[in-house]
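Below is one structure, written out as structure tokens; comments come after it.
Here's what the structure looks like:
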């Protein structure tokens with residue numbers, strides 16, 4: 225499958241357990257991830273990097289994080305991880321990002337690649353399914369976006385900042401999303417906001433930016449559902465091609481060809 229360079233991959237909601245044989249909803253997350261990585265490895269070329277947008281682990285175990293990092297090495301690219309509501313953020317930061325977080329500290333990350341800037345936010349809240357950034361992180365983001373406004377930028381976070389139209393899921397968004405959106409609306413260099421959490425593909429335009437979720441490599445939630453439900457779509461991951469000031473993207477589903485990037 226041909227993907228023009230440069231490109232990166234967004235993998236989300238892998239939900240690995242300490243025991244690789246553990247199943248949830250009759251699915252083994254380890255086996256599902258192995259299959260998805262195998263499909264991604266068939267893409268022509270090597271991604272510049274991989275973004276893993278939260279819920280890396282289902283139980284916050286050290287073994288699950290180390291196994292995840294080992295599996296992703298097959299793609300031959302550096303990986304950047306951010307925590308979701310199922311993660312142990314301090315442990316994940318130490319094992320996968322080489323960071324020791326102070327009590328209450330958020331795992332913010334900021335890097336450049338292929339002429340673009342990528343800002344990774346931490347929306348995880350211990351022992352809660354909903355997310356929040358907090359005043360300190362939002363202030364940090366506002367300051368970061370006041371600089372280098374000529375560089376096209378993507379914001380990466382676990383929880384969805386916009387509702388997806390599923391009543392049960394929309395109770396678990398970012399609690400301070402209004403404050404986040406106010407900052408992003410005032411930053412025209414932000415071209416995209418990527419997130420996971422919702423276990424489904426979605427795209428919504430807001431101002432100059434596209435807000436896009438990625439499917440899970442594990443288990444898909446039924447879209448537009450009032451209550452929890454399983455979707456029949458296979459695991460997936462998002463592929464993003466970067467141009468000088470713009471990007472194109474498509475979701476690769478296991479067992480299916482990559483759709484045209486647009």
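Numbering (the numbering used here), first residue to last: 225 to 486.
We put the CB at the ideal spot given by N, CA and C, even for glycine.
| Asked | Found |
| --- | --- |
| Going by DSSP, which residues form a beta bridge with residue 437? | 419 and 426 |
| Once DSSP output is grouped into helix, strand and coil, what is the label at residue 291? | helix |
| Quick one: does residue 323 have its CB under 9 Å from some CB of chain C? | Looking for chain C here will not work: only one protein chain is present. |
| Classify residue 360: buried if its beta carbon has 16 or more other beta carbons within 10 angstroms, exposed otherwise. | exposed |
| On the three-pair Cβ rule with 8 Å, is the segment 238 to 249 touching the segment 436 to 448? | yes |
| Determine the direct distance from the alpha carbon of residue 451 to that of residue 384, and round the result to whole angstroms. | 17 Å |
| Which of the three DSSP states, helix, strand or coil, is assigned to residue 403? | helix |
| For the alpha helix (DSSP H) containing residue 460, list its first residue and its last residue. | That residue, residue 460, is in no alpha helix (DSSP H); its beta strand (DSSP E) goes 460 to 466. |
| Specify the secondary structure class of residue 340 as computed by DSSP and reduced to three states. | strand |
| Determine, using beta carbons only, whether residue 457 and residue 436 come nearer to each other than 9 Å. | no |
| Are the CB atoms of residue 398 and residue 414 nearer to each other than 9 Å? | no |
| Could you round the C-beta distance between residue 289 and residue 316 to whole angstroms and report it? I think they count as a contact, below 8 Å. | 6 Å |
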